[in-house]
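In our numbering, the protein residues as written are 917 to 1211.
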């Protein structure tokens, strides 16, 4: 099994002006990431606009990401389905394509019925039937459901559930009591990667890595070395940088930052709108001031 340690880039899906996927751009970005030293990839997550893709598009994107990775780089494939059988079908396909892990967001349309017992059955049954290991995804900002510590504690006992990505704005430290050789807790934001690693995390999946992989890798290195002298101020700088990109603008901001950084971010798919020219100019000014773009 490939390691979950390090920085995973949650790959964006670049769209052309006609809103069709720009696979040339995706291949270009993968080439840049593969050469950057990034440790792995998350395909079809929130930054990949999973919910806006058809099933055929999801398959094509995942195949492109898997084909573009460097040797040894793991790929997580994200699933955001409401029906369990759709999730099971997708993870079977993801395994066939060559993904190493499945990232699983809880169903949320009927969120009042998504009790811990219901979610326990859902996650463990999917894991029982999945040919690839599962990483559960705690992302209340996207689905409105916060996975409880008691639920995740039980999930961590399942041999097919090997980790958790936590994108909640607070609380990752409580989950890190579960960090072990068999279950890993990954930071879901550059806002808190360093303190998470100081508390035991082995890495994270960070949208900041989509535009500035070297920044995310530096932050990870400080965490790995437990270097508080450099890590604490660098973490604060990363938080400020991250806030100016995804914090202020979400996925459209990440895509704009990618393009400004020399990658090919493309535009989002509607109803998401790209940044307007004034917003792009303001973002560029901020990124120059922060030192990640040349003036």
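Every residue, glycine too, gets a C-beta built ideally from N, C-alpha and C.
Can you tell me which residues form a DSSP beta bridge with residue 957? 925, 991
For residue 1018, name the three-state secondary structure that DSSP assigns. strand
Sorted by chain position, which residues of the same chain lie with C-beta nearer than 7 Å to residue 941's C-beta, five sequence neighbours on each side aside? 930, 1180, 1182, listed in sequence order.
Considering only residues of the same chain and omitting the five flanking positions on each side of residue 999, which have a CB-CB separation below 6 Å? none
Output the residue ranges of the beta strand (DSSP E) runs that lie fully inside the segment 1034-1082 and measure 3 residues or longer, sorted by chain position. 1050-1054, 1077-1082
Indicate whether the contact test is met: 3 or more Cβ pairs, each with one atom in the segment 1139-1152 and one in the segment 980-987, closer than 8 Å. In short, these stretches do not touch, since the Cβ pair count stays below three.
Would residue 1015 and residue 1006 qualify as a contact pair, given that the criterion is a beta-carbon distance under 7 Å? no
Contact check, residue 1199 vs residue 1191 under 8 Å by CB: the rounded distance? 7 Å
Report yes or no: do three or more beta-carbon pairs, one from the segment 1065-1081 and one from the segment 1093-1100, lie closer than 8 Å? yes
Could you have a look at residue 1119 and say whether DSSP puts it in helix, strand or coil? strand
Can you tell me whether residue 1145 is buried or exposed? The criterion is at least 16 other CB atoms within 10 Å of its CB, across all chains shown. So residue 1145 ends up on the exposed side.
Under 6 Å Cβ to Cβ from residue 1074, same chain only, skipping five residues before and after it: list those, please. Excluding residues within five positions, the ones whose Cβ falls inside 6 Å are 1040, 1043.
Report all residues from its chain with a CB closer than 7 Å to the CB of residue 935; omit the five preceding and five following residues, and keep chain order. 1185, 1186
Quick check on the DSSP output: the beta strand (DSSP E) that includes residue 1101 runs from which residue to which? 1100-1103
Where do the N-terminal and C-terminal ends of the alpha helix (DSSP H) with residue 1147 fall, by residue? 1144-1158
Going straight from the alpha carbon of residue 1205 to that of residue 1156, what length do you get? 12 Å
How should residue 1160 be labelled, buried or exposed, when 16 other C-beta atoms within 10 angstroms of its C-beta is the threshold for buried? Counting other Cβ atoms within 10 Å of its Cβ, residue 1160 reaches 16 or more and is therefore classed as buried.
Residue 989 versus residue 921: straight-line alpha-carbon distance, rounded: 11 Å
Let me know if residue 1010 comes out buried or exposed under the rule of 16 or more other beta-carbons within 10 Å of its beta-carbon. buried
If you compare alpha carbons, which of 944, 937, 1061, 1188 is closest to residue 1126? 944
Would you call the segment 1119-1133 in contact with the segment 951-971, where contact means no fewer than 3 C-beta pairs closer than 8 Å? yes
Whole-angstrom C-beta distance between residue 949 and residue 1129, which should lie under 8 Å: 6 Å
Taking 7 Å as the threshold (beta carbon to beta carbon), is residue 1157 in contact with chain C? Checking the listed chains, one finds no chain C in this structure; it contains a single protein chain.
Can you tell which of 1059, 947, 951, 976 has its C-alpha closest to the C-alpha of residue 960? It is 976 whose Cα lies nearest to the Cα of residue 960.
Determine the burial state of residue 1082: buried for a count of at least 16 other Cβ atoms within 10 Å of its Cβ, exposed for fewer. buried
To the nearest angstrom, how far is the alpha carbon of residue 1012 from that of residue 1108? 34 Å
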